[in-house]
Each structure stands twice: as C-alpha cells, then as structure tokens.
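Chains A and B, in that order, are what the protein sequence lines are.
As numbered in the numbering used here, residues 1 to 112 make up the first sequence, in order.
As numbered in the numbering used here, residues 1 to 347 make up the second sequence, in order.
Where a beta carbon is used, it is the ideal one built from N, C-alpha and C, also for glycine.
Here the structure is a predicted model, which means the values were calculated and not measured.
Comments concern the structure below.
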Amino acid sequence: MADDHYYDPGDLARFSDIGRNAPDLARKFFEWYNAVFADGALSAREKSLIALAVAHAVQCPYCIDAYSRDALEKGSDLDQMTEAVHVAAAIRGGATLVHGIQMRHHATSLGM
Amino acid sequence: MSRVLSLASRDAPLASTSAQRALLARLPLARDFDRAAAAAGAWPLIPSAVTTLQINVGKLCNQTCRHCHVDAGPDRREIMSRETMALCVRALASTGIPAVDITGGAPELNPDFRWLVTEATALGRHVMDRCNLTVLLTAGQADLPEFFARHHVEVVASLPHYRAANTDTQRGDGVYEKSIAALKRLNAVGYGDGRSGLRLVLVTNPVGAYLPPAQASLEADWKRELLRLHGITFDALYCITNMPISRYLEWLVESGHLEPYMERLVSAFNPATMAGLMCRTTLSVGWDGRLYDCDFNQMLDLEVDAGAPRHIRDFDPDRLAGRRIVVGRHCFGCTAGAGSGCGGSIK
Numbered sequence: 001m002a003d004d005h006y007y008d009p010g011d012l013a014r015f016s017d018i019g020r021n022a023p024d025l026a027r028k029f030f031e032w033y034n035a036v037f038a039d040g041a042l043s044a045r046e047k048s049l050i051a052l053a054v055a056h057a058v059q060c061p062y063c064i065d066a067y068s069r070d071a072l073e074k075g076s077d078l079d080q081m082t083e084a085v086h087v088a089a090a091i092r093g094g095a096t097l098v099h100g101i102q103m104r105h106h107a108t109s110l111g112m
Numbered sequence: 001m002s003r004v005l006s007l008a009s010r011d012a013p014l015a016s017t018s019a020q021r022a023l024l025a026r027l028p029l030a031r032d033f034d035r036a037a038a039a040a041g042a043w044p045l046i047p048s049a050v051t052t053l054q055i056n057v058g059k060l061c062n063q064t065c066r067h068c069h070v071d072a073g074p075d076r077r078e079i080m081s082r083e084t085m086a087l088c089v090r091a092l093a094s095t096g097i098p099a100v101d102i103t104g105g106a107p108e109l110n111p112d113f114r115w116l117v118t119e120a121t122a123l124g125r126h127v128m129d130r131c132n133l134t135v136l137l138t139a140g141q142a143d144l145p146e147f148f149a150r151h152h153v154e155v156v157a158s159l160p161h162y163r164a165a166n167t168d169t170q171r172g173d174g175v176y177e178k179s180i181a182a183l184k185r186l187n188a189v190g191y192g193d194g195r196s197g198l199r200l201v202l203v204t205n206p207v208g209a210y211l212p213p214a215q216a217s218l219e220a221d222w223k224r225e226l227l228r229l230h231g232i233t234f235d236a237l238y239c240i241t242n243m244p245i246s247r248y249l250e251w252l253v254e255s256g257h258l259e260p261y262m263e264r265l266v267s268a269f270n271p272a273t274m275a276g277l278m279c280r281t282t283l284s285v286g287w288d289g290r291l292y293d294c295d296f297n298q299m300l301d302l303e304v305d306a307g308a309p310r311h312i313r314d315f316d317p318d319r320l321a322g323r324r325i326v327v328g329r330h331c332f333g334c335t336a337g338a339g340s341g342c343g344g345s346i347k
C-alpha cells in the first residue's frame with residue numbers, strides 16, 4: 001500500500017482487484033463499462049474523446065493516463081484530444097460562472 | 001522533407017540486423033513467440049498456399065519516415081535489378097499465385113518498376129503498389145496515376161492520419177499537404193470512387209508507442225473526414241501495427257518505450273490471429289532476390305528456413321510449401337490485439 005502518496009500509477013493495472021469482495025457487482029460493472037465503449041450510435045473513437053474530457057473534469061489521474069493512450073489507439077490526434085479537454089474546461093468554467101447568477105439573486109435579495 | 005537519416009547512412013548501431021535481433025532477444029519478456037504460438041495450437045507455424053508474392057524492389061525512397069522498418073531513404077542505393085525482377089516474373093508464370101504486392105522503399109523510384117508491373121499484369125495477376133503518395137509529385141512520376149489506372153494496379157497508400165499534425169510528425173514536414181495533393185490526383189483518374197474498380201486503400205500506422213485503432217470502427221471516420229476536409233474518397237482503411245525493427249526500434253530505444261511496448265505486444269497476443277497471419281500466405285522477395293516469410297523477417301535478415309530454396313532463381317513452390325516459418329519476438333507485432341499484416345488488421 002502506498003503510504004506517502006494517494007495515487008500510485010500501478011493501481012490502474014490492479015483495477016480488477018475491486019471485485020475481490022464484491023465479485024458480482026464488479027462483473028456487472030465491467031460488463032456494462034465495456035459495453036458502453038463499443039461502437040454504437042457514437043463511434044468508439046468519439047466515446048474515447050468524451051471519456052478523456054470527463055477524466056479531466058473529474059480530475060482522475062488513472063482515467064487521464066488510460067484515456068490519453070486509448071484516444072491515440074482509437075485514432076485521435078493530439079489536436080483533437082486537446083480540443084476535448086477544452087470542452088471539459090469550458091463546461092467547468094461555465095458551470096462556475098453560471099452559478100454567479102445564483103450569487104446575484106442572493107445579493108440582490110439581501111440588498112436594499 | 002527528410003527529418004532523419006537512415007540508420008545505414010548514420011552508421012548507427014542498429015543498422016546491423018544482428019544487433020537488432022540481439023536487442024530484442026535480451027528483453028525480459030513474459031514469453032517467446034514460439035511458446036505463445038504453441039499455446040494457441042499453432043506450432044510449428046507452417047505456410048498454406050502462397051496467394052501473394054511480395055516483391056521488395058529496394059530501399060530507395062524519397063522520404064525518411066521515423067517509423068520505417070525498412071530503413072529506407074534517399075541515401076539508400078539497394079534496388080532490385082531487371083534480371084532479378086525477371087526471375088520473379090518467371091516464378092509467377094510457373095504458378096497460379098494470384099497477387100503481386102510491390103513494396104520498397106518507394107517502389108516507383110526503381111527504374112524498372114513499370115516493367116515489373118506491366119509483366120505481372122500481362123500474366124493476369126492482381127498487382128498492388130505500396131505507395132507513399134508523395135512520390136507522385138516527384139520528377140518524372142506525374143503520370144503514375146494514369147499508369148496505375150491503365151494496369152488496374154491497386155494502390156495501397158500510407159497516410160498516418162486524415163489531419164496534418166500526425167502525418168508530418170511521422171513522415172516529415174510538408175508530407176501531409178503533398179499526400180493530399182497526390183490523393184486528389186488518384187481520385188481524378190477514378191481511384192477510390194467505388195465504381196471504377198480502381199481500388200485505393202489507405203494505411204495508417206500509430207505515431208508513437210501504442211497499438212493501432214480498430215480498423216472497421218475508424219474507416220467510417222476517415223471516409224467522412226477526408227471527404228469533408230478535402231473532397232477525397234477511398235475504398236478501405238488498413239490499420240497496421242508498427243514493428244520493432246530498424247528506425248522504429250531505434251525510436252523505441254531512444255524514447256524509453258522499448259520494453260513497455262514489447263510487453264504490451266506480448267500481453268495483447270491474440271490466438272485468433274494465428275490462422276490469418278500473412279506469413280502463411282505470402283512469400284517475400286528481397287531486392288537481391290533472397291526469399292523470406294515476410295517483409296519484416298526480410299529487414300531482420302531472417303531468411304526462409306534452411307530446407308527451402310533461399311533465392312528466387314531457385315523458386316520451387318513444392319519445397320517452399322514444406323518449410324517452417326521463421327519467427328522471432330517481432331512477430332508479436334502481428335498477433336497483438338486485432339492482429340496486423342500488410343492487409344491491415346486480421347480480425
């Protein structure tokens with residue numbers, strides 16, 4: 001167990017260990033997970049870019065490692081991957097800013 | 001447009017094929033290819049009927065791509081002579097091998113390339129040309145699209161990505177723009193329109209230390225984007241794994257990716273690819289007439305096994321049919337994931 005840091009890159013390869021104490025739940029999760037990323041109405045490449053963007057939004061280092069490689073292996077280039085991260089950043093930034101309207105409602109209701 | 005010189009012209013340590021083989025052999029991998037093949041029930045690996053004679057007409061190329069397993073480039077002078085080509089044609093004429101796959105280097109730069117195409121098509125064989133596209137824009141080659149069309153040559157053209165960045169990173173500055181211009185010329189004579197019978201295939205290799213994309217999934221993306229960006233059409237996309245040979249091997253070493261990349265190839269071994277390996281249906285001829293099980297073995301100087309004829313002048317299909325295919329750790333490149341070969345992914 002890593003005792004001097006929270007994240008260990010080697011843990012990504014041990015992801016399946018999460019099934020040790022709840023194998024049925026893990027099996028359902030991984031089956032569903034794999035099905036989610038298969039070609040469908042969206043291509044596997046497009047889904048990989050969405051995953052990459054979400055990985056940045058939730059700031060998961062495991063997911064960023066995994067989906068940086070996956071996006072390349074699905075045929076995206078670095079320009080496309082960078083634009084996907086900007087989409088995540090725009091939503092995060094916009095989400096912050098749009099809450100400013102809530103702030104303005106409070107402020108104006110408290111004011112004279 | 002060349003950004004790197006060939007290993008040979010730099011006198012680099014990995015210009016030696018024995019040094020390449022030794023480097024691969026000493027990596028601490030989980031298992032060797034023969035054991036993986038045996039576990040898949042495919043050992044010894046033996047050929048089935050030869051359906052493709054792959055002729056490498058030389059290492060001369062107008063590009064110096066960073067991933068080239070041939071170590072080709074403008075500085076290389078090893079090219080196939082008309083006499084050796086005639087031996088290939090004689091071998092074809094003595095068999096029913098239906099397809100001829102001409103590769104290089106840039107095969108079109110061999111002064112006898114058009115002679116070979118003409119002779120092979122006169123025998124009624126389907127001819128494929130492995131084209132780097134930019135060669136169509138070099139001096140004296142402007143009429144290549146018309147020549148290809150006249151002989152119904154299938155053009156198998158390299159393009160790492162439908163956008164510029166990855167293409168120029170792998171193949172040299174300005175290559176993307178020239179490749180697009182070349183594709184438009186091929187389209188202009190009917191290639192890739194789906195009706196003319198003039199087949200245009202694009203080939204993509206990863207630009208880095210990772211596996212290629214799923215071919216079927218990506219082809220639709222590529223067709224949509226090349227049409228949208230440039231009005232270009234093509235028939236099929238092949239996704240091919242980079243082989244740890246020559247300049248790609250050197251890049252893997254220098255970038256620190258060699259061991260992880262090889263581990264990934266080994267861990268991604270897919271037994272279902274064994275039946276479709278190209279070495280089982282291909283005979284590869286080197287620029288000097290020597291025979292190999294595939295172009296990758298050729299670049300590692302791994303000739304066909306000692307019991308078989310080793311030069312095209314001694315071509316004997318019956319004796320070749322009884323050979324065992326020579327393998328090495330580089331073979332994991334053809335069995336990883338969906339599998340890979342000169343015809344794209346296997347599964």
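Neighbour flag for residue i against chain B, beta carbons, 7 Å
i: residue 43 (chain A); result: yes
i: residue 69 (chain A); result: yes
i: residue 25 (chain A); result: no
i: residue 77 (chain A); result: yes
i: residue 17 (chain A); result: no
i: residue 39 (chain A); result: yes
i: residue 12 (chain A); result: no
i: residue 72 (chain A); result: yes
Start and end residues, beta strand (DSSP E) containing residue i
i: residue 59 (chain A); result: Neither: residue 59 (chain A) is in no beta strand (DSSP E) and is coded neither H nor E.
i: residue 154 (chain B); result: 154 to 158
i: residue 63 (chain B); result: Counting along the chain, residue 63 (chain B) falls outside any beta strand (DSSP E), and DSSP gives it neither H nor E.
i: residue 56 (chain B); result: 52 to 56
i: residue 204 (chain B); result: 200 to 204
i: residue 220 (chain B); result: First-last for residue 220 (chain B): 215 to 230, but that is the alpha helix (DSSP H), not the beta strand (DSSP E).
Residue-level contact to chain A via CB, residue i, 7 Å cutoff
i: residue 264 (chain B); result: no
i: residue 365 (chain B); result: Outside the shown range of chain B, which is 1 to 347, sits residue 365 (chain B), and nothing can be said about it.
i: residue 211 (chain B); result: yes
i: residue 218 (chain B); result: yes
i: residue 161 (chain B); result: yes
i: residue 221 (chain B); result: yes
Which of helix, strand or coil DSSP assigns to residue i
i: residue 284 (chain B); result: strand
i: residue 191 (chain B); result: coil
i: residue 315 (chain B); result: coil
i: residue 146 (chain B); result: helix
i: residue 18 (chain A); result: helix
i: residue 86 (chain B); result: helix
i: residue 331 (chain B); result: helix
i: residue 307 (chain B); result: coil
i: residue 31 (chain B); result: coil
i: residue 269 (chain B); result: strand
Nearest residue (CA-CA) to residue i, options the options
i: residue 74 (chain B); options: B:278, B:108, B:191; result: B:108
i: residue 27 (chain B); options: B:336, B:56, B:249; result: B:249
i: residue 293 (chain B); options: B:50, B:254, B:144; result: B:50
i: residue 197 (chain B); options: B:126, B:258, B:342; result: B:126
i: residue 138 (chain B); options: B:150, B:161, B:175; result: B:175
i: residue 334 (chain B); options: B:173, B:277, B:326; result: B:277
i: residue 10 (chain A); options: A:80, A:62, A:102; result: A:62
i: residue 104 (chain B); options: B:135, B:221, B:14; result: B:135
i: residue 57 (chain B); options: B:64, B:83, B:40; result: B:83
i: residue 20 (chain B); options: B:143, B:329, B:219, B:343; result: B:329
Host alpha helix (DSSP H) of residue i (start-end)
i: residue 247 (chain B); result: 246 to 255
i: residue 84 (chain A); result: 78 to 110
i: residue 70 (chain B); result: Residue 70 (chain B) -> no alpha helix (DSSP H), and no H or E assigned at all.
i: residue 33 (chain A); result: 23 to 36
(message) Any contact between the stretch 80 to 96 of chain B and the stretch 24 to 42 of chain B? By contact I mean 3 or more CB pairs, one from each, below 8 Å.
(response) no
(message) When you compare the stretch 10 to 19 of chain B with the stretch 78 to 88 of chain B, are there three or more beta-carbon pairs, one atom per stretch, that lie closer than 8 Å?
(response) no
(message) Does the structure place the stretch 169 to 179 of chain B close enough to the stretch 116 to 126 of chain B that three or more beta carbon pairs sit under 8 Å?
(response) no
(message) Taking 8 Å as the cut-off, does the stretch 297 to 309 of chain B touch the stretch 204 to 211 of chain B (at least 3 CB pairs, one atom from each stretch)?
(response) no
(request) Inspect the CB distances between the stretch 286 to 293 of chain B and the stretch 228 to 243 of chain B and report whether three or more fall short of 8 Å. (result) no
(request) Please determine if the stretch 37 to 51 of chain B and the stretch 277 to 286 of chain B are in contact, where contact requires at least 3 C-beta pairs separated by less than 8 Å. (result) yes
(message) Closer than 8 Å is the cut-off here; do at least three beta carbon pairs connect the stretch 190 to 205 of chain B with the stretch 22 to 42 of chain A?
(response) no
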